[in-house]
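Number of protein chains: 2
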Amino acid sequence: MPVPDRTGLKIVDIDVKDVRFPTSLGGHGSDALHTDPNYSCAYVTITTEKGSKGYGLTFTCGRGTEVVVYNVRSLKKFILGKNAADIFADFAGFWRAITNDSQMRWIGPEKGVIHLAVAAILNSLWDLWARLENKPVWRLLVDMEPEELVSTIDFRYITDVLTKEEAIQLLKDKNNGKQKRVKYLEENGYPAYTTQVGWLGYSDETVKELCEKYIKLGFTHFKVKVGLNLEEDYRRCTQVRKYIGKDRFLMVDANQAWSVNEAIDWMKKLAPLNILWIEEPTSPDDVLGHATISQALRPYGIGVATGEMCANRVMFKQFLQSGGMQYCQIDSARIGGINEILAVYLMAYKFNVKVCPHAGGVGLCEMVQHLQYWDYASLSGTMEGRLIEYVDQQHEHFYDPTLVENAKYLAPKLPGYSTQFLPETLEKYTYPNGSEWQRMFKEGIFPPPDDTELANI
Amino acid sequence: MPVPDRTGLKIVDIDVKDVRFPTSLGGHGSDALHTDPNYSCAYVTITTEKGSKGYGLTFTCGRGTEVVVYNVRSLKKFILGKNAADIFADFAGFWRAITNDSQMRWIGPEKGVIHLAVAAILNSLWDLWARLENKPVWRLLVDMEPEELVSTIDFRYITDVLTKEEAIQLLKDKNNGKQKRVKYLEENGYPAYTTQVGWLGYSDETVKELCEKYIKLGFTHFKVKVGLNLEEDYRRCTQVRKYIGKDRFLMVDANQAWSVNEAIDWMKKLAPLNILWIEEPTSPDDVLGHATISQALRPYGIGVATGEMCANRVMFKQFLQSGGMQYCQIDSARIGGINEILAVYLMAYKFNVKVCPHAGGVGLCEMVQHLQYWDYASLSGTMEGRLIEYVDQQHEHFYDPTLVENAKYLAPKLPGYSTQFLPETLEKYTYPNGSEWQRMFKEGIFPPPDDTELANI
């Protein structure tokens, strides 16, 4: 077992910060339902007795971050005073305890604010573990024996489609060639696609410039936001298709704007533009709706992609069972940490559904690259039709930022999960007392928060 | 339109309190997953310029209440300074605004902590509206024209099964006889069932005494908690069946303890005891799992009941579409207020599924009776096979407590939604500063909270 020695690993501190970036100023990240996101996160730092640290975060969109931060505080009791080595030795047990406290589970269970808070804490634990092993998270995962890896997963509520024993077998079947695939990853990286040519807040000229820029950078897959106005969508998508040519791929993303029938009608009209997938056509909770849409769009060669707001492994299970998801867009910070995400990868593999992770925001690229690397090396063994979303913003705030070259995510090399912020980022962007926020309040760029929006207390 | 005059209705204050009752001391409310609940709530009071008040709450189980309270604070900006009459005049628009803020929706959307907080606020608005009209909520609802009532509902994501126009028509079709049904309700009340004979924390003797007590009180339907141990369940259910006789009804509740296949196996073994329904057999998010269980148990005459932890109308829609729910157990405080609950009642009626509301806890009986009364008068027009859950605890804390006589909920008569606490209750049970909590901390009955559990700051 790669579980580290217990000495000095008692967790003696857990700190949580509300960190926000003023991304709404540039129209970055704007879509049909999220018109002015300030990309943000609840940022957790855990410290052990001997001084080792783990850094974890969950992504948010600005307002509301304070609630997640507050919920992390309420979960401190599950981690303070515990020995990290004991947690890793029975990681599934710890996961069950923190997600299913007999009183707190009522406010979830395993969804929304409390699950985001759990994600931030779990991410910090995985970061700590990898640092203790002196490995990037993806290598920690790849180097685990199938039994060890699977021991971190709580299989409750998914055994009707995947048992622990089956999961172990799936991994054993791919043990052969794992080291070769690791080498391939280290030498070649992992394909990325760009969402950056088509935010709804961008002007036509910006879209054109960005298409040209990303073609030059080697990108072959381009995603455009849609859903506010059909004619406008058709016009914008026609432009992008013209700029990227016939042989590159075009995906569209409605960010939950439509009802089920509206999604089908709308997409049939965009179909002549040769669309690879429609992402989040309707409510992220509507498994059966996605299945209906998938079936209706299959004749047009359009797949349905979703997952960034999928609440937990039970919802993913149903999207996979129902045929409602042709592209599984796992998010690294919405569900309960790597433990639960591994379960989703394993189920997706069993259902032969491609995982194309959601990324962007704050730290999502940094984290999810590790997971997709692990998937290639240890589980799926292929990159065919698989890509990681890429947005080149907010990377400059991290010690170990995502590196994308020639439209490939390069292998993370430093120990951990790549989500430690630089000290100057915390000094500037901690909300609302960071120096940049104070400056923007003073200059009237943003109104100062009222007392209901203060988590850093 | 029953929308009141705007004068003096600007909302000038919204107060929220963490109120907890030490119910874990008696083993009340204990089930397979909730072993020590302290029934609690986030309690909202809104005040208008002219001094009128609205009281609303969302139920919780103890720890975690502070997070919901904190989230209500974060939502104050959506209500403070608004005129209540304007809210009622475009209630669906207000609902969309508070549930789908472009930044905050990321931490839901429409589920978990933020949706519980929304529920508490919406409940206080409906209470205010009914008080302004000088009617109990159920009469406010019954007296609305179909168009008015339906105008409070946001139909986004459910139009594939129910449109606004259809909803209006369903209500119009039942306009005939409405006043007769109102009179019937006022004279006869609405049938209740009891959950009080079979909490897992109760001894055999207690169970026997309680069965005898509730039979004497006129109850015909008895619910028992199961899910920890099959032999023990069989033994307890056999006892209860013996005490209540062949002609009364026995329901069981697993509170999400099982996987899908486990639920089927377990219930087949309990089937000889003639079980009316199995409640919450597995994850509350597993629509397809419930459909599988429903199908497997149909030959045994066992229906599947769920809903108290169903996250929102989109999830209810799917439970209804898939045949995964034969008894729809709407909860009055988990989803987004009466606005969203009406949508669920309308969908259930269309799918011919009986609504048997979840109640108990704190204030849930008080609220849900109003909804079921409305359903009988305005929508379903029948009580056949329908009952409201009843637990006779925590009623003494309310100004206008639920009255159950001869196993019938008597008609609420006072204006509002029946959830205003008595002042002495707030003085005693506000957490952690209430006098009863301070006493219990001092006497070592409960440990005092650490600083992570304090919402009343």
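Each protein sequence line maps, in turn, to chains A and B. With our numbering as the guide, the letters of the first sequence map in order to residues 5 to 461. With our numbering as the guide, the letters of the second sequence map in order to residues 5 to 461. Each residue gets a CB set at the ideal place from its N, CA and C atoms; glycine is no exception.
Given that residue i touches chain A, what residues does it touch there, using C-beta distances under 9 Å?
i        : result
B:Trp378 : In chain order: nothing, as chain A lies at least about 26 Å away.
B:Pro41  : Ser106, Gln107 and Trp110
How about residue i and residue j: do their beta carbons lie closer than 8 Å?
i        : j        : result
B:Ile334 : B:Val357 : no
A:Val76  : A:Thr64  : no
B:Pro8   : B:Ala96  : no
B:Thr434 : B:Lys21  : yes
B:Thr224 : B:Arg252 : yes
B:Asp35  : B:Leu277 : no
A:Tyr2   : A:Asp131 : This structure cannot settle anything about residue 2 of chain A, because the visible part of chain A is limited to 5 through 461.
A:Asp17  : A:Thr51  : yes
A:Asn127 : A:Lys14  : no
B:Ser298 : A:Tyr161 : no
A:Val165 : B:Val117 : no
A:Cys360 : A:Ala309 : yes
B:Leu346 : B:Leu174 : no
A:Ile306 : A:Ala261 : no
Mind listing the chain A neighbours of residue i? Cutoff is C-beta to C-beta under 7 Å, in chain order.
i        : result
B:Ile345 : In chain order: nothing, as chain A lies at least about 17 Å away.
B:Trp110 : Thr64, Cys65 and Gly68
B:His401 : Result: empty, since nearest Cβ-Cβ is about 19 Å, beyond 7 Å.
So residue i packs on residue j, CB below 8 Å; how close in whole Å?
i        : j        : result
A:Thr103 : A:Gly311 : Going by Cβ atoms, the distance from A:Thr103 to A:Gly311 rounds to 19 Å, so no, they are not a contact pair.
A:Val228 : A:Arg239 : So it is not a contact: roughly 11 Å between Cβ atoms.
A:Ala300 : A:Ile282 : 11 Å between Cβ atoms; not a contact.
B:Lys54  : B:Gly12  : 3 Å
B:Asn42  : B:Thr27  : 6 Å
A:Arg135 : A:Gly420 : 5 Å
B:Leu324 : B:Ala352 : 6 Å
B:Ala315 : A:Lys412 : Rounded, the Cβ-Cβ distance is 38 Å, inconsistent with contact.
B:Asn437 : B:Asp158 : With a Cβ gap of about 37 Å, B:Asn437 and B:Asp158 do not count as contacting.
B:Tyr194 : B:Gln398 : Not a contact, Cβ separation roughly 20 Å.
A:Glu499 : A:Gly364 : Limits of chain A in this structure are 5 at one end and 461 at the other, which puts residue 499 of chain A out of reach.
Note down, in chain order, every chain E residue with its Cβ under 9 Å from the Cβ of residue i.
i        : result
B:Ile118 : Looking at the structure shown, chain E is missing, and the protein chains on hand are A and B.
How big is the Cα-Cα spacing for residue i and residue j?
i        : j        : result
A:Arg390 : B:Leu426 : 60 Å
B:Phe402 : A:Pro288 : 38 Å
A:Ile461 : B:Pro452 : Annotation note: pLDDT 38 at A:Ile461 (below 50); position unreliable, coordinate value reported separately. For A:Ile461 and B:Pro452, the distance between alpha carbons rounds to 21 Å.
A:Trp441 : A:Ser422 : 25 Å
B:Asn179 : B:Ala381 : 9 Å
A:Gly231 : A:Pro285 : 9 Å
B:Glu447 : B:Asp396 : 27 Å
A:Ser78  : B:Gly68  : 7 Å
B:Lys250 : B:Glu266 : 27 Å
B:Met271 : B:Met255 : 11 Å
A:Ile248 : A:Ile279 : 13 Å
B:Ile125 : B:Asn233 : 40 Å
B:Gly202 : A:His294 : 40 Å
A:Gln243 : B:Val141 : 54 Å
A:Leu145 : A:Leu153 : 7 Å
B:Ser336 : B:Leu129 : 14 Å
B:Phe25  : A:Leu189 : 56 Å
B:Glu151 : B:Lys168 : 9 Å
B:Asp379 : B:Leu350 : 9 Å
Show which residues of chain A have a CB atom less than 8 Å away from the CB atom of residue i.
i        : result
B:Asn265 : Thr163 and Asp164
B:Met319 : Asp289
Name, please, each residue of chain B whose Cβ falls closer than 7 Å to the Cβ of residue i.
i        : result
A:His38  : Ser106
A:Gly293 : Asp164
A:Tyr74  : Val71 and Tyr74
Please compile the residues from chain B whose C-beta is within a distance smaller than 8 Å of the C-beta of residue i.
i        : result
A:Asn316 : Asp289
A:Thr286 : Tyr161
Which bits of chain B does residue i rub up against, with CB to CB less than 9 Å?
i        : result
A:Gln397 : Within 9 Å Cβ-Cβ: nothing; A:Gln397 doesn't reach chain B, min ~17 Å.
Complete runs of the alpha helix (DSSP H) confined to the stretch 42 to 110 of chain B [at least 4 residues]: 69 to 79, 88 to 93 and 95 to 103
- [ ] Ignoring anything shorter than 3 residues or poking outside the stretch 155 to 226 of chain B, list the beta strand (DSSP E) runs there in chain order.
- [x] 194 to 202
To test your reading of the DSSP string, which unbroken beta strand (DSSP E) runs of 3 or more residues are found completely within the stretch 362 to 426 of chain A?
392 to 394
- Task: With a floor of 3 residues, list each beta strand (DSSP E) that falls wholly inside the stretch 220 to 307 of chain A, ordered by position along the chain.
- Result: 225 to 229, 253 to 257 and 279 to 283
| task | Jot down the residue ranges of each uninterrupted beta strand (DSSP E) in the stretch 317 to 363 of chain B, minimum 3 residues, whole runs only, in chain order. | result | none
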